[in-house]
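Single-structure report; data block below.
Numbering (this note's numbering), first residue to last: 34 to 209.
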């Protein structure tokens, strides 16, 4: 795919489709490529953290700093793969895997009780006290799943705890 200013070939489109498990149509990939090129202001072939922060919805997201760790420096193929987890066509497993990565900010493959409290704090702000956050996690999440405050959740544990929770994680990705 070379630089961001080059045009996508049919081969490029099909390669990106395979890379994102065919969750986007060819037209959606072309639209995403146009958006990628708009974000990649210096035509470097990847998007920097500053360029991601130029998207108001991204910058205003309470988890934007955590997400920046995941998206800084993505090339187009990886950009589409990242967005694919937000597709309504993505499986629950793909969505939970992305959420796990948000919580696993140090990329060590495990999430602590405190990691989850920090994300909940980012999401709830002043609407919940620290005590309320911890109580929700300890009683409704950890204890019901057989974990303690000192437990570390691997991806498999995380899927066990959150994957069957019935959470609706469908978020449409605007491609226009």
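The beta carbon of each residue, even a glycine, is placed where N, CA and C say it ideally should be.
key: Same chain, Cβ closer than 6 Å to residue 82, neighbours up to 5 away in sequence not counted   = 101 and 105
ask   = What is the rounded straight-line gap between the Cα of residue 147 and the Cα of residue 176?
value = 15 Å
task = Compute the Euclidean distance between the alpha carbons of residue 49 and residue 107, then round it to the nearest angstrom.
result = 13 Å
task = Helix, strand or coil for residue 49, going by three-state DSSP, please let me know.
result = helix
inquiry  = Output needed for residue 90: all residues of its chain with C-beta closer than 8 Å, excluding positions within five of it in sequence on either side, in chain order.
reply    = none
inquiry  = On the criterion of 16 or more Cβ atoms from any shown chain inside 10 Å, does residue 123 qualify as buried, or is it exposed?
reply    = buried
query = Would you call the CB atoms of residue 52 and residue 135 closer than 8 Å?
reply = no
For residue 88, the three-state DSSP class (helix, strand or coil) = coil
inquiry  = Closer than 8 Å is the cut-off here; do at least three beta carbon pairs connect the segment 140 to 156 with the segment 183 to 192?
reply    = yes
task = With distances taken Cα to Cα, identify the nearest neighbour of residue 170 among 183, 150, 130 and 117.
result = 150
inquiry  = Whole angstroms are fine: how far does the CA of residue 118 sit from the CA of residue 47?
reply    = 18 Å
query = Would residue 116 pass as a contact of residue 65 if the rule is Cβ separation under 8 Å?
reply = yes
message = Considering only heavy atoms of the ligand PLP, does any lie closer than 7 Å to the CB of residue 73?
response = By its list of ligands, the structure shown contains no ligand whatsoever, and the ligand PLP lies outside what it can speak to.
query = Whole-angstrom Cβ separation of residue 121 and residue 57, contact assumed at under 8 Å?
reply = Not quite, the Cβ-Cβ distance comes to about 11 Å (not below 8 Å), so this is no contact.
query = Tell me which same chain residues have a C-beta within less than 7 Å of the C-beta of residue 94, skipping the five on either side of it?
reply = 100
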